[in-house]
Each structure stands twice: as structure tokens, then as C-alpha cells.
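Undergrad:
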Amino acid sequence: MESNPKRLKTSHSGGFNADLKMAARLTTASTFVLETEELLKNAKLDYGKAFPGADALLFKAKSAIESLESSEPEKIGPATKRFEKKHKITVPFPDPRPAEDLPYLVSFIKPSKINVVGSYVMRSMVRGSQATPAIDMVIEMPKEMFQDKDYMNMRYFYRRAFFVAHLAHAIKSTMSADATVHFEFLHQNELLPVLVVRIIKKDDSDDGAINEQAAGQTATQFEDYVIRIIPCAPVGLLSKDKLVPSRCSNKQGVSEEKRETSLPATPFYNNTLKAEETFISYLRVLTVAKKECAGFADACLLGRVWLKQRGFGSSISDGGFGTFEWSLMLALLLKAGGSGKKAKKGGLSTALSSTELFKAAMQFLSIADFANTAFVFGGASKAGVADEAVEDGPVLYDPERQLNIAFKMSGWSAGLLRLHAKSTYEVLGNPALAQFESTFIVKANVPAQLFDAVFQVTISSSTPLTTKLKTATDRRGIAWGASNEAYKVLEKAYGNRTQLVHIGWKPRESWGVSERPAKVGSQTLSVGLIFDATHVSRVMDLGPPAEEQEEALNFRSFWGSRSELRRFKDGSILECVPWEKQAPVELVVEIATVVFKRHLKLDPESIKLLDSGMDQVLGLSPMDKTSFDMAKRAFVAFEQDIRGLEGMPLHVRRLSPISPALRYASQSIPELRGFFTGPIKPMEVLLYFEASGKWPENLVAIQEAKIEFLLDIHKRLTATKEGVSAYLGRENVEQGISNMAYLDVVYSTGAAFRLRIVSEMEETLLQRQVKNKTLETPIRIAAETALSGIKFLYETLPLHTQTIATACTRLPALSGSIRMVKHWFACQKLTSYFSEELLELFTLHAFLESAPWCMPSSASTGFLRTMSFLARWDWRDEPLIVDTEGEGGAMSLAERTALRESLATWRSRDPGLKSLVLFVATPHDSSGHSYTRNGPSKMAAARMTRLAKAACKIARTKEDSLGFLTPQQVAAIFEAPLQDYDVLLHLSTRAINTILKTIGGSSAVGPSALPSAATAQFKNLGLSVPGSSIPLPMTRYPVDVLVAELRKAYGDSMAFFIGGESDDVIGAIWTAKAKDVTQTFRVGLPYNFVVPSGEEEHTVELNKKAILLEIARIGGEMIRKIDVVET
């Protein structure tokens, strides 16, 4: 694979200048510091329990290696054959294996040094950070084994592999009773096979000896750790001047005629060679840093946790940036900063605490774009350093050891690391946010929550790309080489459509010492994309104008036949590429198919979209926004019609929409097509008149005045506008003090609006009643309830609608995410407990406080991250504060603290959570209960949390191969667990449709005609105009009315759960009080009871059978069947 060493330029020459004042300011967030200290205390490992017998085994392995005898030099071919035949161990030569007739000699010489290095020595491991923790034992090979030119043509790696085989023989022959041995590639670097020792778990019942008979019957049990034996080169073995990134040091596998030509540089090969000398020297660097800086060790632990939660590790397939690279980065920055009189301007101070070091590291990773601009620790202080640091890929250059410590990283892993660091650093800069949880607790590498789209690319062994990579001189491996080629093409093709292109593949497995590693056949790459929501839906890519010939030629060269020259309306003539697909996921796959076919010679069949089908669950479409825009335009027309009415007693001040459809948030899109296919759902609007002193100072009289206004509007509107029908409706008739009337206005175009009139005098009169202590308590309670209702309806809801509509316009993915969240709540039968406005705030919160991810850029990621928030939200002790003023926020830390104190006060007054369950506040409403004044109940909230946790559990897939959600998993996320209910009420769809036809006309359920009998029976409830196809708008859906009646009658005994209008099953759960087996009889028990058989006469229990019979009688034909779920 070719590399371009001139692509990067080295800046950061003055070193990294950490903003220590900023770090110090951030550290004042004492809560975060205390939480990290608690994390460190709980996460630290008990090495005695985690690595039982490790020290003894290490000593035994050391003795076994030291017991080996040196061998005489021999040609590599005969020496290999003799060794393999004698010891039954295959020498793990890297590809391409050496030819049998190679002339140079190999031998085994006893190692010069044996050291244990890494996290085990530094004590920087944490619990659960690795599936199988490893202890690294480094074996330094003596200089006498090598020659000056061994850096060329893989000669060093062949000698190293021969040395590893001898180590395997020593361990296998002396420790066969204690361990098994196999080979694997160190950090997936195919140049570096190492020996892995798996420790056999002893049987304590037999004094530590293995019971051979039992071992023959059952599988061998191993300890939960391994020992890696890693050969390394002695310091000074290789000439660094000959291993600069721009040089080609490997011609092995290249044909003789091509060897004389200019071959591409081998930066990875060269860095691997240089890194072989650094094991011991870097151990000293880390030890010095730990000694000089008290917070260094804990900062390394915090870094390990942070990297683990984001899926990063030292292995190439894990991003090439793990705990070792993190620790080394901090140590080199500390060394560059110095301390005391030696302190320098660049770098970090050794006086920093662990949390300050962690925050400074986040600042460094978020600012230093070392994937595109090489970073040199301490600056380029000597001549030639800038040239040594230049290579194609991420560069963190250590000038003292002349090594790029990020040489195992790729462009996409560096981009993902920087994206995560930016998100974390932004959170750490805002003490009002949940810093600790998003930084260390939330697992941020779940593919379905991280990526907006994932597709797989299969590269067969017969493709030209594979053939090219097999002979690549840099020896990165076919998977990484193919990924690099694909990444370069996709980065250029997508442009600003994506924030990140990430590529993963399945890592190569270990193999037995008597075997060869599995041959690399076809490679399957998983490409994960994070969209830029603003640009991803672009259906045409514009290129340079025709006058710029060179740029136009490059554009056509990249896109091939898909490029077109077009004249646009503004007169410009541009190169462009039009696309057929409109859905973002399908569009990015179409682009990938075109560029892979042209540049990598891959057939379209090699690309497979991992389509979860989540968008299809709700039928989301790129055209949905057009439907919502049509609704907005219909509202504007309606507003103009109202303002245009002449002779109104009062002037219209404003009309405020409060309907979800007018803020891009309704579960189903508005259908304004001139015909009706279901019940009319009017869009609610509030009408504000100019201030007037003529309103009566009586609540009932105000409601009557509103009715007169609505009738006047009805008369004027229908008289002046054609194709408009209007209906006066009544509500809250039994109260008298709340709004009692509304006007439904239906246009022949399909637009329907429900108009209510706002009178400011209502709030004044209700406040008087609430404060008037001479009134009876029931009157004051009714007034207080009515006051909270009109405040929410007249004040909070218009501002909420404006906020959500603005956010949906600014955040393209928000609308689809809200609709998907509402659909999930409906599928889980929770809709009736959670208002639509509350669900919208849940989703908006996931966008505004999106850490540990960046802001969602698709509906699916927005939905899944909302589920993640709901699963983690401890609503018993934590308020939900949605700062709707934008990303910067308008609420201060003091205001947030006051809200938390307000919740604590509520909980102290009501520890049973009977009056307020969820505390939800916004800048416009700091009371915390406006959005939850009518629910949910404690049971519903607990059920929401449990179901959200179940959804997140389903979303977690294998993180090592970018596995994505399958359609089966998506179906499971939205499936309602009916087994959780005690009783299931199955509804009759036929009976419900009959009711809809009866009260709304035939178009209320579809195109079928209204039954003649129903028309004759209900003349006043038929169609609005004879022969019209406009059904009568409904105040409430029939099933909602039924559920409301059941709750009113049996709310003390049962909790009822129902989803949306399409739900045909009502779930019911007996309350805790109802589940009590028996209780003592008393007068006025609020439920149907019966004396249980065998009990005393004064003991009664709930008569569940009778209650179900009463429910069947109330439901009538609407209830088709009642099932009692067996427990």
C-alpha cells in the first residue's frame, strides 16, 4: 500500500500548552472529584485474588527460559526443518515466510534480560477492564543474534520468530502440567507473534494436583488471566536514521524486477522495528512519572476506564490507543512540562492531581488533531525531527526515542478518539451536567447507539485489491490495508455528509504452537457512519465550474461516468453528481457502491447494508417534513382567515398553535390531501384577544362569553369562506370553572383546527379563589386544579410548542426521534400515563445533553439514546432539567441546584411518591410538576425504566465487529411484554369501527359507506353536509373513553395500560392493595369484596371475578375477550 509522507505537516512545534487555569477551574466541581475518588477506590484490583499464583508461575517461566541452551548458527531453512521436526512446534514466521534457500544464518542465544512490564507492574489495572487480563513478560534478545542489516527485508522478524519458537519449547516442556501455550499476534500486529500461556486451574480437593480422570471427562478449567511472553530487541540494535517513515525497508515478497524500482515507504514496518527497542526504556519513563507526579497512577486508571467504555485498546483492531499509549502520552507530557525550576511552558505540571491530569488529557486529545498534523512531544528541538515525524497517519512523536507512539492507530480510530474526547471535555467544562456518569459509567461504544448506519464490505481473496495488499511492503495486514484504502475513498466521497467514517474487522485468532496461523481469505469490513444531519440528505453533489479545468478534471476522474455537467437556474455551469436515493441510509450505501466499484474494483454485491428496519417501524420518510410543512402552511392560512374576519367585538392579538402536528412531533404525519381515511384529528390552536376590561368577573359567565365568541366566529367564518365546516364542542361541563367550549374548523383540503379562546381574567379569578381561605376546601382544591390546567394550557404549552418546533427545525433528526419515542411508549402501552409534551422533553434532553456521544444525527440513534437516558435516570432522586435555550444553556448552576433542592423538599413531604413522581423543569417552568401534573403514577414510571433497560440490553451487540441491530432485535424492542400483566382485555376492532362510523361518518374509518340503519338512527350525528365526505371531529377516541371509565371505577384495584389508537389489547395489573390476600372487613370498602372460604366472617378479599364481569358489562361489545394471565 502506497503512502504519502508529504501529506502531513508538523505544527504544535512549541509542544502542548495545557490551559492549567481552565483545568483548575474545572476541578472546583468537587462532586466530580469525590465521585472519581470513589470510583478509583472501588475499581482498583486485588492482585492477589485476580492473579492467584502469578508470581510463582512467572518465576517458573523465567527459570524454564533461562535453562535453554544456545544453538550454533545455521541456515534458516534447515534450522527451521530440524527444529519443527524435533519439537513438534511450528516456527511462527510472519508472511511471507522465508524461502528455504535463504542464505543467512539463524541461531538461538540465551536472553540477556527478562522483565515483567505493563499494567501488572505499574498496578494500573481496574476490575473488569479486560475480558482476560494479561501479565506481560518481556524477553530481551541478545545483540549477538543479529546483524547490521537485519532491519531490511523482514530479517529481524524472522530471527525473532525463531527465538519465539524456542521460548514455546521451553514453556511447553517444563510447564505442561501448569499451563497450555499458543501463539497470537501482539496487538494484532502480524509482524509480531508472541507466546501466550494459559494457566490451568488447580483442583483444591487434591492438594493442588490435577485429577487426571476428571480432566478426561470434563473440559480443562483455566484461570482468568494469561501470561504473554514477548521478545524484544536490545537498545541500540537498530539504526534509527535508516528507519525514518519516508524510507522503504522491506522488499521481501516483491519480485526481482520491481525491487529496482522506487517502492513505497514503509512507516508501519519501520515503527514496529523501532518500538521493539522501547519496552524497557518506556517502563523507566512510566516509573519516573509515577514517582514524580502523585496523581499519575490514578490518572492512568481513569484513562483506562474512559477508554474501555469507548471500546479503545492497544490492539490495532481496537483502535491502537489503549492504556499503555494513554499512560505514555501523559508521561511524555509531564516530562515536557517538568516541575519546579525546570518547568516549561509546554506540557503538564507534575503538581496536577489525577482529575486535573485526566481533564488536561481530554483537552489535549480534543485540540491536538494529530491525525492530520503531527504532534511532537516537547517540540521539534533539534534539526531533522520535523522530517522524522512526517508520515501518512496519526502521529504522536517521541523525539528522544524517535518513535511515533500512535503508529498502530488509523485515521478513523484517531477521529473517533478525538470525537469522544471533545464530547467529554465539553461536559467537564459544564459543572451543571452529569459529568461523572457520562464520562465513566455509560458504555459509549454500542454500535446501534453510536453509528447512524453500518454496512459490510466483503473483499474476496481474488480481487485486485487483495492481490495488491498481499505484496504490500509495509506489512500492515490485508484487513488494515483494505480498510485504509476504503477509508480514503469514502472520506472523499462523503465529504461533509458524515462527521466520521469508522471501519472495523474481526481480529485474527490465536493458534496452537504446532500449527500455522489461519490463512487470510476473504475479509469482511464493517463500516460505521456518523451522519452530519444537515448535509447527509443532499441528493446532488456539486463540483467545480467548467472554467476550472484542472479541478473539474479531478472531479470527473473521481466520480467517473456518474459526473455530469449541468446548467443551473442561477446561470452557473457546474460538474455535479445526482443521486437516486433519498433516505440517508440508502443514499450513503449508493455512494459507497459507486466509488468502490470505480476505485477498488468491488462489485455492488460485495456491499451489504445492515438495515435494522427501525425507520420502517414507524414508516419514517424523507418526505415527512413536507407533510409537517403543509400543516404549518395550513395553520398560517387559518390564522389569516381568523384575522380577516370583520366586525369582531375584540381585535385578535395572536393565535398560538399547541398541537404536536404543528411542532413536527405528532406520531403520525398530518394528512392534508383533500380526502379523509380515518377520524379527524384537529390541530389545537389558542386564540388570544386584545386586553379588555369588558370580560365578566365570574368564571361561569366567562365560559358563556367564550361560547358566544365561538358561535360568532363560526357564523362569520362559514359565511365568508367556502369549503369550511365548523362545529361547536363542549368539554369540562361538570366543572363549570374551566374552559367549556371549543370550535372545530374543518377545511375541505383536509386541514382541521380546534380553536379555544384564552381569557386572562380566568387566571386572576382562580388565583383569588385559591387564596381565599374563607371558601370551602373542595372549592379551593377545584380552583387550584383548574388554575394549574389553564396555566399549562395557556402559558406553558404555547412556549413548549414554539421551543420544540424551533428545535426540530435546527436539529433535523429530532422530529423522527420524538415520533419513534412516542411509538415505543404506545407499543409498551404507556401512552395514557405520559403526556406527549413530556415525551418530547425526554427526547430533546437526549439531544441537548448527548454526552458521552455527539448530538444524534438520525432518528434511530436519537431514539436509542433516549432509551439509554430513561434507563439510567434515577427519577426518585434526580430532577429532569431540560435547558431548552440551546446547547449553551440559559439555566445557571444555582438555578439547577435550587431545582434539586425543590425535588428534595417534595420527596421529604411525600416519600411514597403519591402526588409527584417525575420532577421535570424547563426555563419556562421551574415548578417541576406542570408536565407531570396528571401522571405518570409510580407504577408507570417504574415500568418505563424497566422497559427502557430491556430495550438497551437488546441494543447491545458484539462491539468488536461493529455488529448492528437486526430486524428481529428491533421488533423485540418495540414488542409489548403481555406476560407482565395480570389481565388482558381484548378489544373488538369491528365494534370500534362501528362506533366511529356512527359518530363520525363513514370516512372516519375508511372509504366504505355509512350503514343505512345508523344513518336513519342518528340524523344529528351524521355527515356535516348531505353528501359530504368530511367526518365529524371527535373529542376523544372510544377506547380512551372506555379506559377513563374503567380507571374511574376501579382505579383503587387495577392499573390499566393502553397504547395508541391502533392498540387492540388493554393490559391491567392488580394494585398492591388488591393483591393482599385478605383484610379485615370495614364499612365503605371501595371495591367489590367477597368472604373467602375457610376464613372468618369478618375477613374479606377482593372479588376479582366479579370485577372482571363488571368490566365486561361496561365494555359491552367493545371488549371481545378477557384473559387472565397465569403467573
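Residue numbers (UniProt numbering): 1 to 1127.
Built from N, CA and C at the ideal position, the CB exists for glycine as well.
The structure presented is a predicted model; accordingly, all values stated were derived computationally and were not measured.
By DSSP's criteria, residue 1135 is part of a beta bridge. Which residues make up the other side?
TA: Residue 1135 cannot be examined here, being either before or after the span of the chain that is shown, 1 to 1127.
Undergrad: Is SER410 close to chain D? Criterion is C-beta to C-beta, closer than 7 Å.
TA: No chain D is present in this structure, which holds just one protein chain.
Undergrad: Would you identify the three-state DSSP class for GLU708, choosing helix, strand or coil?
TA: helix
Undergrad: So the alpha helix (DSSP H) MET761 belongs to, where does it begin and stop?
TA: 760–771
Undergrad: If you measure from the CB of ARG310, is any heavy atom of the ligand FMN nearer than 6 Å?
TA: This structure lacks the ligand FMN, and indeed carries no ligand of any kind.
Undergrad: Tell me whether GLN523 is buried or exposed, calling it buried when 16 or more other Cβ atoms sit within 10 Å of its Cβ.
TA: buried
Undergrad: Could you name the residues of the same chain whose beta carbon sits closer than 7 Å to that of PHE1056, not counting the 5 residues immediately before and after it, in chain order?
TA: VAL1043, LEU1046, ARG1047, ILE1066, ALA1068
Undergrad: Hey, VAL395 and ALA361 are a contact pair by Cβ (cut 8 Å); roughly how many whole angstroms apart?
TA: Between ALA361 and VAL395 the Cβ distance is about 18 Å, and since that is not below 8 Å, they are no contact.
Undergrad: Straight-line CA distance for VAL920 to TRP873?
TA: 12 Å
Undergrad: With DSSP run on the structure shown, which of helix, strand or coil describes ILE89?
TA: coil
Undergrad: By the DSSP assignment, the alpha helix (DSSP H) with MET630 in it spans what residues?
TA: DSSP places MET630 inside the alpha helix (DSSP H), whose first and last residues are 624–643.
Undergrad: So who's on the other strand from ARG654, going by DSSP bridges?
TA: Its beta-bridge partners are TYR688.
Undergrad: In chain order, what residues of the same chain have a beta carbon less than 7 Å from the beta carbon of GLU784, not counting five sequence neighbours either side?
TA: VAL770
Undergrad: Who are the Cβ neighbours of ILE65 in its own chain at under 7 Å, not counting the five residues just before and after it?
TA: PRO111, ILE114, ILE139, LEU167, ALA170
Undergrad: Are VAL244 and GLU38 closer than 7 Å when you measure CB to CB?
TA: no
Undergrad: Please state whether the Cβ-Cβ distance between PHE847 and PHE834 is less than 7 Å.
TA: no
Undergrad: Just the Cα atoms here: how many angstroms apart are MET540 and ASN934?
TA: 48 Å
Undergrad: Which ranges would you report for the beta strand (DSSP E) in the UniProt domain "Nrap protein" (812–970) if only whole runs of at least 3 residues count?
TA: DSSP runs (the beta strand (DSSP E)) wholly in the UniProt domain "Nrap protein" (812–970): none.
Undergrad: If ARG497 sits next to VAL454, beta carbons under 8 Å apart, how far is it from one beta carbon to the other, in whole angstroms?
TA: With 8 Å as the limit, ARG497 and VAL454 do not qualify as a contact, their Cβ atoms being about 15 Å apart.
Undergrad: I need the straight-line Cα distance from SER563 to LYS597, nearest angstrom please.
TA: 15 Å
Undergrad: Contact between the segment 261–275 and the segment 465–485 is defined here as three or more beta-carbon pairs at a separation below 8 Å; is this criterion met?
TA: yes
Undergrad: What is the residue span of the beta strand (DSSP E) that HIS502 lies within?
TA: 498–505
Undergrad: What does a CB cutoff of less than 7 Å around ARG127 pick up in its chain, not counting 5 residues either side in sequence?
TA: Taken in chain order, the residues that qualify are ALA43, LEU45.
Undergrad: Count the CB pairs spanning the segment 652–660 and the segment 479–490 that are closer than 8 Å, and state whether there are at least three.
TA: no
Undergrad: From ALA1112 to GLY1059, what does the alpha carbon distance come to, in whole angstroms?
TA: 20 Å
Undergrad: Report all residues from its chain with a CB closer than 7 Å to the CB of GLN402; omit the five preceding and five following residues, and keep chain order.
TA: Apart from sequence neighbours up to five positions away, the residues of its chain that approach GLN402 with a beta-carbon distance below 7 Å are LYS240, LYS274, GLU388, ordered along the chain.
Undergrad: Kindly indicate which three-state DSSP category ILE995 falls into: helix, strand or coil?
TA: helix
Undergrad: Under a three-way DSSP split, which group does residue 1134 fall into?
TA: Any question about residue 1134 goes unanswered here, given that the chain covers just 1 to 1127.
Undergrad: Pairs of beta-carbons, one from the segment 679–689 and one from the segment 756–763, closer than 8 Å: are there three or more?
TA: Yes: the two stretches touch, three or more of their Cβ pairs being nearer than 8 Å.
Undergrad: Under a Cβ-count criterion, where at least 16 other Cβ atoms within 10 Å of its own Cβ denotes burial, should THR803 be classed as buried or exposed?
TA: buried
Undergrad: Mark MET137 as exposed unless 16 or more other C-beta atoms lie within 10 angstroms of its C-beta, in which case mark it buried.
TA: buried
Undergrad: What is the residue span of the alpha helix (DSSP H) that ARG304 lies within?
TA: 296–309
Undergrad: For VAL1124, is the classification buried or exposed, using 16 other Cβ atoms within 10 angstroms of its Cβ as the cut-off for buried?
TA: exposed
Undergrad: Name the residue from ASP712, TYR931, CYS827, ARG284 whose alpha carbon lies nearest to the alpha carbon of LEU793.
TA: TYR931
Undergrad: Within 10 Å of its beta-carbon, does MET944 have 16 or more other beta-carbons around it, so buried, or fewer, so exposed?
TA: buried
Undergrad: For CYS232, collect the residues of the same chain with a Cβ closer than 6 Å to its Cβ; drop the 5 residues on either side in sequence, then sort them by chain order.
TA: VAL138, GLU140, GLU276, PHE279
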